[in-house]
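To keep things clear, I will list the structure first and then write my remarks on it.
Numbering (the numbering used here), first residue to last: 1299 to 1498.
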């Protein structure tokens, strides 16, 4: 078993999908980007800090020590980091900035056993269809964008706004399963499918 330092239902579902036994724990950090911090450096730092905070939380909650996994996802338009919207107006404006444009989605995954900390980063390019304010407002009214980086969920109704993508679908959802499996296998935890398949 591992600990998932996230309350995200999407990350929970993706870990279940690859057969990893886990327990969710809280991990709170300051997610403010540093001045001029590059997007990949930012998501990497966030995932590492969340993993370390999760490990610290084990001691506070008197939980048995087992590896802690954490992740961070950011939507990047140009060099601007688009986080979760604070209100419906911001969500609508964020969506309109993505309309008809391509953007990057970086998701970093970090795992620590209290001694070593390893991290991998997934990068995906997403092209959005062109849509107007009426469509953006209708999508915001569903409530789906309000807890999503970039104000959309590719695994939900937001999928209709995506024209195509290059990279990891699960990375855009919030936990790239290939990178996650690689990190866990390095700790001797083997999700399904196994890393090596014997052939005749």
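Every residue gets a Cβ at the ideal spot worked out from N, C-alpha and C, and that includes glycine.
Cβ-based burial, residue 1481 [other Cβ within 10 Å; buried from 16]: Mapped onto the chain shown, residue 1481 falls at position 183. Residue 1481 is buried by the Cβ-count criterion.
Proximity winner among 1339, 1326, 1408 and 1416, relative to residue 1355 (alpha-carbon distances): On the chain shown, position 57 is the one that residue 1355 refers to. Per the C-alpha coordinates, the member of 1339, 1326, 1408 and 1416 positioned closest to residue 1355 is 1326.
C-alpha distance - residue 1311 paired with residue 1415, whole-angstrom precision: Residue numbering aside, residue 1311 sits at position 13 when the chain shown is read from its first letter. Residue numbering aside, residue 1415 sits at position 117 when the chain shown is read from its first letter. When rounded, the distance between both Cα atoms is 23 Å.
Three-way DSSP call (helix, strand, coil) for residue 1446 in this model: Along the chain shown, one-based indexing puts residue 1446 at 148. Coil at residue 1446, not helix or strand.
Residue span of the beta strand (DSSP E) that contains residue 1415, given as start and end: As a position in the chain shown, residue 1415 is number 117, starting the count at 1. Its beta strand (DSSP E) spans residues 1415 to 1426.
Coarse secondary structure for residue 1345, derived from DSSP in three states: Locating residue 1345 in the chain shown gives position 47, where the first residue counts as 1. Looking at residue 1345 - three-state DSSP - the assignment turns out to be helix.
C-beta atoms of residue 1337 and residue 1306 nearer than 9 Å: Here the question's residue 1337 lines up with position 39 in the chain shown. Here the question's residue 1306 lines up with position 8 in the chain shown. The answer is no: Cβ separation not under 9 Å.
Spatially closest choice to residue 1483 from 1308, 1318 and 1309, by CA coordinates: Within the chain shown, residue 1483 is the residue found at index 185, counting from 1. Of the candidates 1308, 1318 and 1309, the one whose C-alpha sits nearest the C-alpha of residue 1483 is 1318.
Beta-carbon spacing of residue 1506, residue 1421 below 9 Å: Because the chain in this structure spans residues 1299 to 1498, residue 1506 falls outside the shown range and cannot be described.
Pair within 9 Å by beta-carbon distance, residue 1379 and residue 1331: Translated into the one-based positions of the chain shown, residue 1379 becomes position 81. Translated into the one-based positions of the chain shown, residue 1331 becomes position 33. Between residue 1379 and residue 1331, the C-beta gap is smaller than 9 Å, which places the two residues in contact.
Interface flag, residue 1346 vs chain C, CB-CB below 9 Å: Included in the structure is just one protein chain, with no chain C present.
Whole-angstrom distance between residue 1340 and residue 1458, CA atom to CA atom: Counting from one through the chain shown, the residue named residue 1458 turns up at place 160. Counting from one through the chain shown, the residue named residue 1340 turns up at place 42. Each residue's Cα considered, the two are about 28 Å apart.
Residue 1376 burial status per 10 Å Cβ neighbour count (16 or more: buried): Taking the chain shown and counting its residues from 1, one reaches residue 1376 at position 78. Counting every other CB atom within 10 Å of its CB across the protein chains shown gives residue 1376 a total below 16, marking it as exposed.
Beta-carbon separation (whole angstroms), residue 1401 vs residue 1424, contact threshold 8 Å: The residue you call residue 1401 lines up with position 103 of the chain shown. The residue you call residue 1424 lines up with position 126 of the chain shown. The Cβ separation is near 6 Å, so the contact holds.
C-alpha gap between residue 1486 and residue 1413, whole angstroms: On the chain shown, residue 1486 is found 188 positions in, with the first residue counted as 1. On the chain shown, residue 1413 is found 115 positions in, with the first residue counted as 1. Near 15 Å, if we compare the C-alpha coordinates of residue 1413 and residue 1486.
Length at least 3, wholly inside the region 1448 to 1491: the beta strand (DSSP E) runs in chain order: Segments of the beta strand (DSSP E) lying fully in the region 1448 to 1491: 1460 to 1464.
Boundaries (first-last residue) of the beta strand (DSSP E) holding residue 1402: Indexing the chain shown from 1 puts residue 1402 at position 104. Per DSSP, residue 1402 belongs to the beta strand (DSSP E) from 1400 to 1410.
Same chain only: Cβ atoms within 8 Å of residue 1496, ignoring 5 sequence neighbours per side: On the chain shown, position 198 is the one that residue 1496 refers to. Interpretation of residue 1496 is limited by its pLDDT of 39, a score under 50 that renders its predicted location unreliable; no figure is taken from the coordinates.
Under 9 Å between C-beta atoms of residue 1316 and residue 1434: Here residue 1316 refers to the residue found at position 18 of the chain shown. Here residue 1434 refers to the residue found at position 136 of the chain shown. Taking 9 Å as the Cβ cut-off, residue 1316 and residue 1434 do not qualify as a contacting pair.
Contact under 9 Å by Cβ, residue 1301 with residue 1364: One-based indexing of the chain shown puts residue 1301 at position 3. One-based indexing of the chain shown puts residue 1364 at position 66. Result yes, Cβ atoms of residue 1301 and residue 1364 sit closer than 9 Å.
Residue from 1399, 1342 and 1323 whose Cα sits closest to the Cα of residue 1426: Counting from 1 along the chain shown, the entry for residue 1426 is found at position 128. Of the residues 1399, 1342 and 1323, the one whose Cα lies closest to the Cα of residue 1426 is 1399.
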